[in-house]
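*Asks:* Before we start, here is the structure in question, set down as structure tokens.
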Amino acid sequence: MSTSERHTYDVVVIGAGGAGLRAALEAHEQGARVAVVCKSLLGKAHTVMAEGGIAAAMGNVWPEDNWQTHFRDTMRGGKMLNQWQMARIHAEEAPARVWELEEWGAVFDRTPDGRILQRDFGGHRFARLAHVGDRTGLELIRTLQNRLISKRIDVFMECTVLRLLTVPGAADRPGAGRASDEPEALSAPARERSSARVAGRIAGAFAYWRESGTFVRFDAPAVVLATGGIGKSYQVTSNSWEYTGDGHALALWAGAALMDMEFVQFHPTGMVWPPSVKGILVTEGVRGDGGVLLNSEGRRFMFDYIPPVFAAETADSEEEADRWYTDKKTARRPPELLPRDEVARAINAEIKAGRGSPHGGVHLDIASRRDPEYIRRRLPSMYHQFTELADVDITREPMEVGPTCHYVMGGIKVDPSTAAATVPGLFAAGECAAGMHGSNRLGGNSLSDLLVFGRRAGLHAARYAQSLPAHKRAVADDAQIDATAAAALAPFAAALTPGSAQAGTASAEGTASSAGGTTSARDSAGTSVSPSHPPENPYQLQNDIQDVMQRLVGIIRTESELVRALKEIETLRSRARHVAVVGHRQYNPGWHLALDLGSLLTVAECITTAALARRESRGGHTRDDYPSADPAFATLNHVLRLRDGRLVLTTEPLPAMPPELAALFEDAGAESRADRGAPAGGKGS
Ligand code: FAD
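Count along the sequence shown starting at 1, add 3, and that's the number in my numbering.
What follows is the structure, given as structure tokens:
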């Protein structure tokens, strides 16, 4: 066997962002033995980059705010495709999670009377985002990490998980993973669980240390995936190097289902210049604090793009929009604060129409609207970011911004209440889980999502693990480990002797050699090299995957381009089988990237397949050939699974909303119908 390092836990949490840390703390609280495994250094997860804030209806700034309004905003932002149970749980529990953070030491900005200050963000009816300047994620992570360290929870950092370990057979306890205190109606998937029996159940995870290149095995009956997003499958993205969709792919390969993968959020405002920083996020807080979007003619163009569904609550003149910042009672919100999908499409249209800024974006101006002291106090990171990276002083001149791939709404299909995936023992929370945000996420709703569902995932993973007596804990067979290790090492052999990587591996001491096996996992790069095929460079392959996704599966999609994308992805998959890396196993970034290619390709195929099937435009999925929302698609999710190594897409109906919640949308009448895509006056579905 290729690994000598082995650890046993009750719960292994993969990911050290907000969701992972919150899950680990909760599982520990329940008495479980817990480990956190993360690909980068502790403190470097995406969550730390979150700027704007945590959405929670605490009512500190607007006493009128409540969970029902937050629920309604979230569902409308998601174009009603959200799993309503998740949106409800989230809206109800978010305030408690913020107050809990404060108890644990988080220092939020304050209202004049000393309560947690809340700021405005797109799609939220009231100022709702608890924040710490524009460094909220940093404070969230600092707080959770301090607590994690004080609880002495084991952390394996710079350790990348390659595979989830599974054992065949049925779950020991029918319904495992469902909270005993939750009604059956809230707990999804008896049906799913029966199909998961074929796939087996979780027995742990298999990883490698990035520094030494050696392998490590975790035996655990419960695994929580909290691996974040997929941004690195696109060329222009706010995401950092580690967001290659690993959790999505790990879950799929282990037999779990993914859902809503067509919905990718392109944040309207990323930096566009200079090229080295293209895609880096410019927080929505700039617009929340008074910034406006201007085209090359100096026109505040968002007034031209107010969709009927939001017209009733959006200002229709600059005078009213500007008045809203000080008078929220009589004035309506500025159109710059429409949900992200609307703003991103509007910017895209302006650029396409030739009214863009010099470097292919539009202008975001706060300099002419707020005094420098206010800008530096409210947006310290933005001020620093533009001064340092673009030589632009945002207190004196406008920023240039354009859409950037930011967030994925799609992810691992989970039980709304317990965060259990469709394979027993597997749980997922945070950005890698699906359902909470529907087709489009509102700003600020991710940080609250991580806290609410991170806690639930940790709670139910611990309960699940504790429900299994020691003698019933599954242990994965060594063959699974050996096959994965051999596949991981194959790129070394491919470089040494092109054509021989089929049997290639590298020794545990860290030098390349050739003796070993292959894997049957379809997504492992580096197997089955044919003598005639030249070695492939992992950097080139990653670049080509990003190029296909950006070019053919970006903000605006069409059937012919999606079909072409699937073909190109298949070609890239064949090329990835010949990926080759030189050097040795100690901290070898080329090798690390070669190992990420499997996830990138899997995620690319999932997004494209689901995008092709959804013949309408909704939220983070816009089809040029089907430009409107279609009622026929309004109540169904696309679900993806692997069957005999092939990706299979099915549709599943959304659960019906109970009347008391549906009534929240009735005030809005036609509005709600438009959310779902029904024609005005038509029958709401
Ligand atoms: P992450 O914080 O992304 O952490 C993922 C973890 O998984 C990391 O530790 C990573 O190392 C680990 N990992 C991944 N793959 C593996 C693997 N194979 N093996 C081991 N470990 C692995 N949302 C808001 O609500 N409000 C905001 O103001 C906001 N601002 C944002 C600003 C920026 C610049 C960005 C990029 C995002 C922002 N978001 C915001 C979105 C939000 O930050 C993310 O959606 C959220 O932090 C994701 O948290 P997570 O816990 O799911 O995962």
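A virtual CB, placed ideally from N, CA and C, is assigned to each residue, including glycine.
Note that the coordinates shown come from a computational prediction; the quantities given were computed from them, not determined experimentally.
Measuring alpha carbon to alpha carbon, tell me which residue in 541, 641, 169 and 575 is nearest residue 254.
*Replies:* Mapped onto the sequence shown, residue 254 falls at position 251. Among 541, 641, 169 and 575, the Cα nearest to that of residue 254 is on 169.
*Asks:* With DSSP collapsed to three states, give me the class of residue 124.
*Replies:* Taking the sequence shown and counting its residues from 1, one reaches residue 124 at position 121. The answer is coil: DSSP assigns residue 124 none of H, G, I, E or B.
*Asks:* Can you give me the Cβ contacts of residue 604 inside the same chain, cut-off strictly under 7 Å, excluding the 5 residues immediately before and after it?
*Replies:* As a first step, residue 604 is located in the sequence shown; it is residue number 601 there, counting from the start. Closer than 7 Å at Cβ, skipping near neighbours: 526, 548, 572, 575, 576 and 579.
*Asks:* Who are the near neighbours of residue 154 in its chain, counting only those whose CB is closer than 8 Å to its CB and skipping five residues on each side?
*Replies:* Translated into the one-based positions of the sequence shown, residue 154 becomes position 151. Answer for residue 154: 28 and 31, listed in chain order.
*Asks:* Helix or strand or just coil, what does DSSP make of residue 647?
*Replies:* Locating residue 647 in the sequence shown gives position 644, where the first residue counts as 1. The answer is coil: DSSP assigns residue 647 none of H, G, I, E or B.
*Asks:* For residue 484, tell me which candidate among 11, 207 and 669 has the shortest Cα-Cα distance.
*Replies:* As a working note, residue 484 is residue 481 in the sequence shown. The shortest Cα separation from residue 484 among 11, 207 and 669 belongs to 207.
*Asks:* Per DSSP, residue 641 is paired with what?
*Replies:* Reading the sequence shown from its first residue, position 638 is the one you call residue 641. Per DSSP, 654.
*Asks:* Let me know the secondary structure DSSP gives residue 57 once reduced to three states.
*Replies:* Within the sequence shown, residue 57 is the residue found at index 54, counting from 1. The answer is strand: DSSP assigns residue 57 an E or B state.
*Asks:* So residue 406 is in the beta strand (DSSP E); what residue range does that whole segment cover?
*Replies:* Translated into the one-based positions of the sequence shown, residue 406 becomes position 403. Start and end: 402–411.
*Asks:* I think residue 51 touches residue 141, with their Cβ atoms under 8 Å apart; what is that distance to the nearest whole Å?
*Replies:* Taking the sequence shown and counting its residues from 1, one reaches residue 51 at position 48. Taking the sequence shown and counting its residues from 1, one reaches residue 141 at position 138. Residue 51 to residue 141, Cβ: 5 Å. Contact.
*Asks:* In whole angstroms, what separates the C-alpha of residue 138 from that of residue 240?
*Replies:* Sequence index remark: in the sequence shown, residue 138 carries index 135 (1-based). Sequence index remark: in the sequence shown, residue 240 carries index 237 (1-based). Between residue 138 and residue 240, the C-alpha separation is close to 19 Å.
*Asks:* Tell me whether residue 273 sits in a helix, a strand or coil according to DSSP, three-state version.
*Replies:* For the purposes of this step, residue 273 is taken as the residue at position 270 of the sequence shown. Strand, per DSSP.
*Asks:* Quick check: the region 651–661 against the region 303–313, are there 3 or more CB pairs under 8 Å?
*Replies:* At 8 Å Cβ cutoff, the stretches do not touch.
*Asks:* Can you tell me whether residue 199 is helix, strand or coil according to DSSP?
*Replies:* The count along the sequence shown starts at 1 and reaches residue 199 at position 196. Here the model assigns residue 199 a pLDDT of 40, short of 50, so the residue's position is not dependable, and the following value carries that caveat. Looking at residue 199 - three-state DSSP - the assignment turns out to be helix.
*Asks:* Please classify residue 546 as buried or exposed, where buried requires at least 16 neighbouring CB atoms within 10 angstroms.
*Replies:* In the sequence shown, the residue the question calls residue 546 occupies position 543. Classification of residue 546: exposed, given that the 10 Å Cβ count is below 16.
*Asks:* Give the straight-line distance between the Cα atoms of residue 236 and residue 581, rounded to the nearest whole angstrom.
*Replies:* Taking the first residue of the sequence shown as 1, we reach residue 236 at position 233. Taking the first residue of the sequence shown as 1, we reach residue 581 at position 578. So the two alpha carbons sit approximately 20 Å from each other.
*Asks:* Between the alpha carbons of residue 327 and residue 310, how many angstroms are there, rounded?
*Replies:* Against the sequence shown, residue 327 aligns to sequence position 324. Against the sequence shown, residue 310 aligns to sequence position 307. Approximately 19 Å between the Cα atoms of the pair.
*Asks:* May I have the straight-line CA-CA distance separating residue 100 from residue 419, to the nearest angstrom?
*Replies:* Numbered from 1 along the sequence shown, position 97 holds the residue referred to as residue 100. Numbered from 1 along the sequence shown, position 416 holds the residue referred to as residue 419. About 17 Å.
*Asks:* Given this structure, state the Cα-to-Cα distance separating residue 143 from residue 19, to the nearest angstrom.
*Replies:* Translated into the one-based positions of the sequence shown, residue 143 becomes position 140. Translated into the one-based positions of the sequence shown, residue 19 becomes position 16. Residue 143 and residue 19: Cα-Cα distance of roughly 12 Å.
*Asks:* Leaving aside the five residues before and after residue 62 along the sequence, list all residues of the same chain whose C-beta is less than 6 Å from its C-beta, in chain order.
*Replies:* Translated into the one-based positions of the sequence shown, residue 62 becomes position 59. Hits under 6 Å: 68.
*Asks:* Starting from residue 366, trace the beta strand (DSSP E) in both directions and tell me its first and last residue.
*Replies:* To locate residue 366, count along the sequence shown from 1; it is residue 363. Start and end: 365–368.
*Asks:* Answer yes or no: do residue 263 and residue 413 have a C-beta to C-beta separation smaller than 8 Å?
*Replies:* Reading the sequence shown from its first residue, position 260 is the one you call residue 263. Reading the sequence shown from its first residue, position 410 is the one you call residue 413. Contact: yes.
*Asks:* Taking the straight line between their C-alpha atoms, what separation do you get for residue 666 and residue 659?
*Replies:* Residue 666 sits at position 663 when you count from the first residue of the sequence shown. Residue 659 sits at position 656 when you count from the first residue of the sequence shown. Computed Cα separation, rounded: 13 Å.
*Asks:* Which ranges does the alpha helix (DSSP H) cover as unbroken runs of at least 4 residues, wholly within the region 59–138, from first to last along the chain?
*Replies:* For the region 59–138, whole alpha helix (DSSP H) runs of length 4 or above, ordered along the chain, are 70–80 and 87–106.
*Asks:* Given this structure, state the Cα-to-Cα distance separating residue 47 from residue 379, to the nearest angstrom.
*Replies:* Locating residue 47 in the sequence shown gives position 44, counting from the first residue. Locating residue 379 in the sequence shown gives position 376, counting from the first residue. Near 25 Å, if we compare the C-alpha coordinates of residue 379 and residue 47.
*Asks:* State the DSSP-derived secondary structure class of residue 20, mapped to helix, strand or coil.
*Replies:* For the purposes of this step, residue 20 is taken as residue 17 along the sequence shown, with counting starting at 1. Here residue 20 sits in coil by DSSP.
*Asks:* Whole-angstrom Cβ separation of residue 464 and residue 26, contact assumed at under 8 Å?
*Replies:* Counting from one through the sequence shown, the residue named residue 464 turns up at place 461. Counting from one through the sequence shown, the residue named residue 26 turns up at place 23. Right, their Cβ atoms sit about 7 Å apart.
*Asks:* Would you check if the distance between the CB atom of residue 453 and the CB atom of residue 21 is smaller than 8 Å?
*Replies:* As a working mapping, residue 453 is identified with position 450 in the sequence shown. As a working mapping, residue 21 is identified with position 18 in the sequence shown. A contact, by the Cβ cut-off of 8 Å.
*Asks:* Since residue 598 and residue 497 should fall inside the 8 Å C-beta cutoff, what is the C-beta to C-beta distance between them, to a whole number of angstroms?
*Replies:* Position 595 of the sequence shown holds residue 598. Position 494 of the sequence shown holds residue 497. Incorrect: roughly 13 Å between the Cβ atoms, too far for contact.
*Asks:* Please report the distance separating the alpha-carbon of residue 332 from that of residue 289.
*Replies:* Position 329 of the sequence shown, counting from 1, holds the residue named residue 332. Position 286 of the sequence shown, counting from 1, holds the residue named residue 289. So the two alpha carbons sit approximately 22 Å from each other.
*Asks:* Does residue 324 come out as helix, strand or coil in the three-state DSSP assignment?
*Replies:* Your numbering for residue 324 matches position 321 in the sequence shown. It is helical.
*Asks:* Hey, quick one: how far does the alpha helix (DSSP H) through residue 385 stretch, first residue to last?
*Replies:* Along the sequence shown, one-based indexing puts residue 385 at 382. Element bounds for residue 385: 383–393.
*Asks:* If you draw a straight line from the alpha carbon of residue 554 to that of residue 362, how long is it in whole angstroms?
*Replies:* For the purposes of this step, residue 554 is identified with residue 551 of the sequence shown, where counting begins at 1. For the purposes of this step, residue 362 is identified with residue 359 of the sequence shown, where counting begins at 1. One C-alpha to the other measures close to 18 Å.
*Asks:* Could you compute how far the alpha carbon of residue 617 sits from the alpha carbon of residue 11?
*Replies:* In the sequence shown, the residue the question calls residue 617 occupies position 614. In the sequence shown, the residue the question calls residue 11 occupies position 8. Cα to Cα, the separation comes out at about 43 Å.
*Asks:* Where residue 488 and residue 218 are concerned, what is the direct C-alpha to C-alpha distance, given to the nearest angstrom?
*Replies:* Numbered from 1 along the sequence shown, position 485 holds the residue referred to as residue 488. Numbered from 1 along the sequence shown, position 215 holds the residue referred to as residue 218. Near 8 Å, if we compare the C-alpha coordinates of residue 218 and residue 488.
*Asks:* With 16 other CB atoms within 10 Å as the buried threshold, where does residue 97 fall?
*Replies:* Indexing the sequence shown from 1 puts residue 97 at position 94. Residue 97 is buried by the Cβ-count criterion.
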